[in-house]
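Participant: Pasting in a structure now, in structure tokens, and then I'll have a few things to ask.
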Amino acid sequence: MTDERALLQRRYEQSSTFLRGSTSGEPSTSKRPYVTLTFAQTVDGYISGRKGRQLRLSGDESMAMTHYLRTLHDAILVGVGTLLNDDPRLSARLLPQIPPPDSQPRPVILDTQLRSPPTCRLLKNYQSGQGRQPLFLCRTGLKGSEQGKSLEAAGATIVEVTGMDWPSILSILHSLGVKRLMVEGGAQVIESLFMARSTSSASGIGRAGDLIDQLIVTVSPNFAGSDSTGYKSPKWSDPVPDKTKKQASAEEEEQTGAAFQVRKKDWFGDDAVWIWTRAKT
1 MTDERALLQR RYEQSSTFLR GSTSGEPSTS KRPYVTLTFA QTVDGYISGR KGRQLRLSGD
61 ESMAMTHYLR TLHDAILVGV GTLLNDDPRL SARLLPQIPP PDSQPRPVIL DTQLRSPPTC
121 RLLKNYQSGQ GRQPLFLCRT GLKGSEQGKS LEAAGATIVE VTGMDWPSIL SILHSLGVKR
181 LMVEGGAQVI ESLFMARSTS SASGIGRAGD LIDQLIVTVS PNFAGSDSTG YKSPKWSDPV
241 PDKTKKQASA EEEEQTGAAF QVRKKDWFGD DAVWIWTRAK T
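Reading the sequence shown from the start, the letters are residues 1 to 281 in UniProt numbering.
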């Protein structure tokens, strides 16, 4: 075994131990996937640089953990801002054995106005047989546009979502066979999912945050500075309580604070990784 492969094996073993059972729960309703919200942030609470510029937030160890976590899900969802700023691959690669493309999670892009370029890496990888066919979710009336036709010609699957609200998005993904969904950001996606409510409660409206089944946050020891991009979240999800990022309102906190509990915390190199899961009631 080469030194590099042995290193990947050690990171794989730590990741598999830490994440054991992390996706074994069930969603609160059979009409949507089990949802893991995960992202990395600086110690002062930012997830990207000025105007969304990509920052290296995860060390090698926690990045390997994220790649292992991807293998436990059927699809990975990011917003169009992440695609435009980072041009990501959204695949599991930092492993002793890389899964073939048909065993990789499917990339899903939340692209309300269908701004994704046909030349993005996700589509190039699909064209070359190196990645799964990406799915683009947009508002109604755009699939037949020139942009929609260009994306489909490049290999994209486009699905229009009425209203583009989270319950509708998750319901459609569930109907397409996604049982475990990993949501990775960016800031607008994170904030909107934290505050989204289900429509499956007895009253017809659930609590903010009740579409999340599991939250995994990697905290880097680095500082980004106040001109960087942060996100708003309830205080219960704040592993560094004195940082300067935006906080949810008191009303939002009351509605979400009791719903989750810390399940695990561990160090991956210099990064702290936290897991919250929905509290049993």
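Virtual Cβ for every residue (Gly too), placed ideally from N, Cα, C.
#1: With a threshold of 6 Å on Cβ separation, who are the neighbours of A272 within its own chain once the five nearest residues in sequence on each side are excluded?
#2: Exposed or buried, what is V262 when buried is set at 16 or more other beta-carbons lying within 10 Å of its beta-carbon?
#3: Going residue by residue through the segment 40-104, where are the continuous alpha helix (DSSP H) segments of at least 4 residues, counting only ones entirely within it?
#4: So, does the segment 150-161 touch the segment 130-141, judging by three or more C-beta pairs under 8 Å?
#5: Among residues of its own chain, excluding the 5 on either side of L142, which ones have a beta-carbon nearer than 8 Å to its beta-carbon?
#6: I'd like the list of long-range same chain contacts for L57, defined as Cβ closer than 6 Å, with 5 residues on each side in sequence excluded.
#7: Roughly how many whole angstroms lie between the Cα atoms of F194 and F260?
#8: Just checking my contact of P118 with L170 at CB under 8 Å: how many whole Å lie between their CB atoms?
#9: Just mark A279 as buried or exposed, buried being the case when its beta carbon has 16 or more other beta carbons within 10 Å.
#10: Under a three-way DSSP split, which group does M164 fall into?
#11: In the structure shown, what three-state DSSP assignment does G148 receive?
#12: Tell me the rounded alpha-carbon separation between L211 and S91.
#13: For I190, tell me which candidate among A208, R93, K232, T66 has the shortest Cα-Cα distance.
#14: Using beta-carbon positions only, say whether T82 and G185 come within less than 7 Å of one another.
#15: Three-state secondary structure (DSSP) at V189?
#16: Considering just the uninterrupted stretch of the alpha helix (DSSP H) at L122, what are its terminal residues?
#17: Looking at C-alpha atoms only, which residue of L84, Q104, E146 is the closest neighbour of C120?
#18: Per DSSP, what kind of secondary structure is A6 in: helix, strand or coil?
#19: For G79, which option in R32, S103, M182 has the closest C-alpha, if you only look at C-alpha atoms?
#20: How many Å lie between residue 284 and R180 at the Cα?
#21: Hey, how far is the Cα of D87 from the Cα of Q104?
#22: Look at W267 and L215 and say whether their C-beta atoms are less than 7 Å apart.
#23: Whole angstroms is fine: what's the gap from S116's alpha carbon to I109's?
#24: Less than 7 Å between the beta carbons of L94 and H67, yes or no?
#25: Could you check what DSSP says for A153 in three-state terms: helix, strand or coil?
Facilitator: Looking at the atomic coordinates:
#1: Closer than 6 Å at the Cβ level, and outside the excluded window around A272, lie V219.
#2: So V262 counts as exposed.
#3: For the segment 40-104, whole alpha helix (DSSP H) runs of length 4 or above, ordered along the chain, are 60-71, 80-86.
#4: Touching, per the Cβ criterion.
#5: Closer than 8 Å at the Cβ level, and outside the excluded window around L142, lie Q113, L114, G148, I158, E160.
#6: Contacts found: A40, S220.
#7: Their Cα atoms are separated by approximately 12 Å.
#8: Rounded, the Cβ-Cβ distance is 27 Å, inconsistent with contact.
#9: A279 comes out exposed.
#10: Looking at M164 - three-state DSSP - the assignment turns out to be coil, as it is neither helix nor strand.
#11: Under the three-state reduction of DSSP, G148 is assigned to helix.
#12: So the two alpha carbons sit approximately 24 Å from each other.
#13: Minimum Cα distance to I190 is reached at K232.
#14: Their beta carbons are under 7 Å apart, which means T82 touches G185 by this criterion.
#15: In the structure shown, the three-state DSSP call for V189 is helix.
#16: Counting along the chain, the alpha helix (DSSP H) containing L122 begins and ends at 121-127.
#17: Checked all of L84, Q104, E146; the closest Cα to C120 is L84.
#18: In the structure shown, A6 sits in a helix (DSSP, three-state: H, G or I).
#19: Ranking the options by Cα distance to G79, first place goes to M182.
#20: Residue 284 is absent from the model: the chain starts at 1 and stops at 281.
#21: Looking at the two C-alpha atoms, the distance is approximately 18 Å.
#22: For W267 and L215, no; Cβs fall outside 7 Å.
#23: Cα to Cα, the separation comes out at about 9 Å.
#24: Yes, they are a contact pair.
#25: Looking at A153 - three-state DSSP - the assignment turns out to be helix.
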